[in-house]
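Residue numbers (UniProt numbering): 1 to 178. Here's the structure, in structure tokens; my notes come after.
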Ligand SMILES: O=C(O)CCC(=O)C(=O)O
Ligand SMILES: [Fe+2]
């Protein structure tokens with residue numbers, strides 16, 4: 001739900017800013033496999049839009065060199081503001097793409113730490129390819145979407161929040177295979 005103090009931050013409690021493109025928990029060793037978003041209440045003006053970006057489609061349009069770059073253990077993602085655990089954010093040894101499984105391991109525009117190397121260009125080229133395959137959904141009450149977190153990047157438009165008990169309300173679950 002929107003929280004006034006986080007209205008313009010990159011958090012799921014924001015509302016006045018676009019929540020940037022991400023997969024869940026990009027900064028952990030093994031991010032969750034699925035994200036479930038259940039809409040308890042849509043925003044009264046039905047402005048909020050959830051955007052989905054299928055990496056399988058994006059992979060088709062980026063070059064081999066970028067794919068190889070993205071598969072190297074050389075990317076660093078910081079933790080997000082809702083994570084209170086003391087995680088080490090200095091890890092620069094994560095890959096974005098698993099080339100064998102053709103899976104997207106992680107992606108987060110806000111948390112990505114640039115290094116000024118060739119890796120940044122591959123990150124940006126993937127961003128362009130993802131943006132080109134964007135689809136969207138306006139979740140209505142009672143609807144649930146299940147997002148494959150190792151295939152699909154998601155984000156959310158800005159929307160109006162009134163903090164009057166009638167704001168948009170989603171419940172999120174993260175699911176891990178074992
Ligand atoms: O509000 C949305 O539609 C998506 C929010 C989101 O990305 C999340 O809660 O992880
Ligand atoms: Fe999310």
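Ideal placement from N, C-alpha and C gives every residue a C-beta, glycine not left out.
Membership of residue 66 in the alpha helix (DSSP H) is indicated by the continuous run 64-71.
Distances from the CB of residue 136 to the heavy atoms of ligand 1 are all 7 Å or more. About 10 Å separates the beta carbon of residue 137 from that of residue 147, a gap too long to meet the 8 Å contact definition. Near ligand 1, meaning a beta-carbon closer than 7 Å to one of its heavy atoms, we find 12, 19, 22, 24, 35, 37, 48, 50, 139, 154, 155, 156, 170 and 172.
Burial state of residue 31 is buried, judged by a 10 Å Cβ sphere holding 16 or more other Cβ atoms.
One alpha carbon belongs to residue 14, the other to residue 123, and they sit about 25 Å apart.
Shown here, residue 27 sits in coil according to DSSP, grouped into three states, outside any helix or strand. The count of Cβ pairs closer than 8 Å, one atom from the segment 6-24 and one from the segment 101-111, reaches three, so the stretches are in contact.
A distance of 8 Å or more separates the beta carbons of residue 46 and residue 130. Inter-residue distance for residue 64 and residue 115 is about 21 Å (C-alpha atoms, whole angstroms). Counting only unbroken stretches of 3 or more residues, the beta strand (DSSP E) elements lying wholly within the segment 81-148 are 134-137 and 144-148, in sequence order.
Residue environment: residue 174 is assigned as exposed (fewer than 16 neighbouring CB atoms within 10 Å of its CB, all protein chains considered). Residue 159 and residue 27 have their C-alpha atoms roughly 27 Å apart.
DSSP places residue 57 within a helical segment (H, G or I) once states are collapsed to three. If you draw a 10 Å sphere on the C-beta of residue 2, you find 16 or more other C-beta atoms in it, and that means buried. A Cβ-Cβ separation of about 16 Å leaves residue 36 out of contact with residue 168 under the 8 Å criterion.
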